[in-house]
Each structure stands twice: as C-alpha cells, then as structure tokens.
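Some notes on the structure that comes next.
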Amino acid sequence: MLYAVLALIALQCLGDVMAAVASLPIPGMAIGMMLLVCGLSIRGWWLGSQRAVPDVLNRLAGSLHGHFGLLFVPAGVGVVGNIDRLAAHAFALLGAVLLSTAATVAVSATIAGMRSKVTRSADSVAAE
Amino acid sequence: MWHGPALLLSLTLGAYATGVVLQRLGRQHPLLNPTLIAIGIVAGALVLFRVDYGGYFLAVQPIHVLLGPAVVALAVPLYCRLPLLRERAPVLAIALITGSMTAIASSLAAGWWFGLSRSMLLSLAPRSATTAVSMAIAGQIGGIPAITAVLTVVTGIAGALIGGYVLNAIRIEDPAARGFAMGLAGHGIATARAFQESETAGTFSGLAMALNALVTAMLTPFVVRLLVH
Numbered sequence: 020m021l022y023a024v025l026a027l028i029a030l031q032c033l034g035d036v037m038a039a040v041a042s043l044p045i046p047g048m049a050i051g052m053m054l055l056v057c058g059l060s061i062r063g064w065w066l067g068s069q070r071a072v073p074d075v076l077n078r079l080a081g082s083l084h085g086h087f088g089l090l091f092v093p094a095g096v097g098v099v100g101n102i103d104r105l106a107a108h109a110f111a112l113l114g115a116v117l118l119s120t121a122a123t124v125a126v127s128a129t130i131a132g133m134r135s136k137v138t139r140s141a142d143s144v145a146a147e
Numbered sequence: 064m065w066h067g068p069a070l071l072l073s074l075t076l077g078a079y080a081t082g083v084v085l086q087r088l089g090r091q092h093p094l095l096n097p098t099l100i101a102i103g104i105v106a107g108a109l110v111l112f113r114v115d116y117g118g119y120f121l122a123v124q125p126i127h128v129l130l131g132p133a134v135v136a137l138a139v140p141l142y143c144r145l146p147l148l149r150e151r152a153p154v155l156a157i158a159l160i161t162g163s164m165t166a167i168a169s170s171l172a173a174g175w176w177f178g179l180s181r182s183m184l185l186s187l188a189p190r191s192a193t194t195a196v197s198m199a200i201a202g203q204i205g206g207i208p209a210i211t212a213v214l215t216v217v218t219g220i221a222g223a224l225i226g227g228y229v230l231n232a233i234r235i236e237d238p239a240a241r242g243f244a245m246g247l248a249g250h251g252i253a254t255a256r257a258f259q260e261s262e263t264a265g266t267f268s269g270l271a272m273a274l275n276a277l278v279t280a281m282l283t284p285f286v287v288r289l290l291v292h
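Right, dumping it as structure tokens:
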C-alpha cells in the first residue's frame, strides 16, 4: 500500500517536472495519469495478461474515487472570498453552464454515435 | 483551537458525510450533491466562527493534497476500459477532441454573451474536466480556482440533470454514445447518472471523463489564447 501511494505521488511529481521542463501549461496530475496508463500497459504486455492491475493499486484507486467529492471541499470553500462575485453573476454563470453543457452533450453524442459504413456492413456480413 | 487541524478536518469530513446522507435520503438526486452541501456547511461555519480561509486551508491540507494522486489513479479505470476503445477508436477520438473544444469554446462564447468579465470567463473555460484538473487549469490560465471548483460541480450536476433530455431530443439511443457524451460534458457526477441508465453508458462515461481531463488540460490554454484577450 505504501508503495502504491508513493507511486501515485511520484507520478504526479514527475508530471509536474515534465510540464515545467517542457513549459506545458498542463497540470502534472494529468500527465502523471497518462504515465500510469503507459506504465500499466507496458506491465500488462510484459506479464502477458492484458488487464492485470496490481490489486493494491486497484483498492487504493477505489478508495480515492469512492469519495472524490470530499477532496474538492477545501479548495471549493475558497469561494467564500468570492461569494459576492458569484452572487452578482449567478444568473449569467448558470445560463452559460446550461447552454454550454447542452451543446457539449449534443456535439459529443452525435459524433460518438456515428459508425462508419464499413463497420456496419462488416457486422451484417458476420451475422449471416 | 479554532485553527486546529483536528477540528477543521472533523468539520470538513462531517460536512461531507452530512451531504452524503442527505443525498442518500433524497434517493441519489444530483441536486443534493455532497460536495456543494459540504462547501456550504463549512463556508457557513467559517463565517459564523470568524475563521479565516487561509488558516482553514492550511489545516485541511491532508485532504486537499490527495487530489493529485486521486487524478493520477484515474489511470486505473481508464486502463481497464482501454479494450472498449479499440473498436470505436477513430470515432471516439474525434468525438473527444471536438466535444472538448465545444465545451471550452461554448463556455467562453456563452459567458461572453451573458456579459461576464475576463476572470469569470477564464474560470468557466475548463469546467467540463473533473474538478481537480479544472481547478489546476484555471490556476494556470488566470482564472479563480475556487470559482472554477464550484462551476465544475454545477456543470456535473447540469450534465446529470439535462444530459438525458438533450440526448433524447436529438434521438441518440446508442448507450455508448450517450454515456460518452455525458462523461465528457459532466465528468464524475454525470457518470454516476449514466450508470443509472446502463452499465455500458456508465462505463463509456467513465472513459470519457478520464480522457477529457487530459484533453481539456491540453486544449484550454490554446483555445483561451485564441478567443480571449
């Protein structure tokens, strides 16, 4: 468990370092996430079984994600200092969020739902 | 004593637990979001007892610093779902990038149309990515992370509440596409809602959430540079 925790934090640090060195405005945690995906992929290929995530890492991830919402509270409370701005622009912010979210859902779903004619005819050939 | 870590940590944990219980009592309704409820309770307590935010934030660092490892750990469910990508990879890749750009650009456009200030626009821009990442992006591009945090949670709730209606309106029935769109637009909160629709929708939603965190992180600085002066 200790090593799993260390691995996650170390990957975040590595991500921060890589972002700093390459002057990328990307949070280190996001880079660290990709590094871990690569690491798991390499490990899976090396061990010959595609989906073998180390059990301890699996459990740690489950614990962290089970209460993801808790982790945002300290930073979110910072809104206290900005409550006047939030209140003043509440209608505008809410409107922007609703419109933009609707647009994003619509665009993403439309493209994600597209299947190329090749796949479709291959499916129907296989079904015969 | 009012600045003591033990007390403030207990306050934070207790507030969140209260939020969880309330949502459970309300049959998992997205509007009863434990994070928002906890923020409300803690913020109220800080104001009531005149505890300054700086002292509070320092005291609850043990919770806050877990954000980084938690995001890195998103690699685990993402890795497990990679095989799902294989068949639809090209289409999903395009959906991911286009969807992410739509989220950023439409946030800026809608915010501008409603007359919001520059710092508000910058706080809005990354809000489709999971909160930890969107806050970090906001900090880097000149937005206000605390505001982004709240906006991101509101976005998740919005995605959970209206996502289904939008998808029905445009006649998208494919569960994978529905899930993917919800996870991209409304991250974790919308993913929970997608799982209520179906296992497939929920799984693709989680996939989109993790991928969008990275893509939004990469795209936001560029889109903002293009559209915001």
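Protein chains in written order, with this note's numbering: chain D, 20 to 147; chain A, 64 to 292.
The beta-carbon is built from N, C-alpha and C at its ideal position, and this holds for glycine as well.
Sequence-distant residues of the same chain with beta carbon closer than 7 Å to residue i, five excluded per side
i      : result
T194/A : A212, T215 and V216
S170/A : L187, A188 and R190
Y116/A : L109
A173/A : none
Residue i, DSSP secondary structure in three states
i      : result
A69/A  : helix
E236/A : coil
Q259/A : helix
V83/A  : helix
P46/D  : coil
G219/A : helix
L148/A : helix
D115/A : coil
Q31/D  : helix
P97/A  : helix
A173/A : helix
A136/A : coil
A106/D : helix
M183/A : helix
L129/A : coil
S191/A : coil
H86/D  : coil
S140/D : Low per-residue confidence applies at S140/D: pLDDT is 45, beneath 50, and the placement is therefore not dependable enough to give any value.
R78/D  : helix
R90/A  : coil
Exposure of residue i, with buried meaning 16 or more beta-carbon neighbours within 10 Å
i      : result
N231/A : exposed
G85/D  : exposed
S42/D  : exposed
L111/A : exposed
Y142/A : buried
A152/A : exposed
Q91/A  : exposed
H292/A : exposed
A146/D : Reliability of the predicted coordinates at A146/D is poor, the pLDDT of 48 falling under 50, and the value obtained from them is presented with this limitation in mind. Exposed, by the Cβ-count rule.
M48/D  : buried
P208/A : buried
Y119/A : buried
I61/D  : exposed
Interface flag, residue i vs chain A, CB-CB below 8 Å
i      : result
S127/D : yes
M20/D  : no
S119/D : yes
I45/D  : yes
A71/D  : no
V40/D  : no
S140/D : Note that S140/D has pLDDT 45, beneath the 50 cutoff, so the model's placement of it is unreliable and the number below is only indicative. Closer than 8 Å: no.
I28/D  : yes
V75/D  : no
L66/D  : no
A115/D : yes
I61/D  : no
A80/D  : yes
V36/D  : no
Proximity test, residue i beta-carbon vs the ligand MN heavy atom, cut-off 7 Å
i     : result
L70/A : No copy of the ligand MN occurs in the structure displayed, which carries no ligand at all.
Minimum Cβ-Cβ distance from residue i to chain C less than 8 Å
i     : result
T81/A : You won't find chain C in this structure, because its protein chains are D and A.
Chain D within 8 Å of residue i, Cβ atoms only
i      : result
Q259/A : no
V196/A : yes
V110/A : yes
I169/A : Going by the sequence as given, residue 169/A is Ser instead of Ile. Closer than 8 Å: yes.
L85/A  : no
Contacts around residue i, its chain only, beta-carbon distance under 6 Å, and the 5 residues preceding and following it disregarded
i      : result
E150/A : none
S197/A : P189, R190, T211 and T215
M37/D  : I50
A166/A : S191
I104/A : A78
T263/A : P238 and A239
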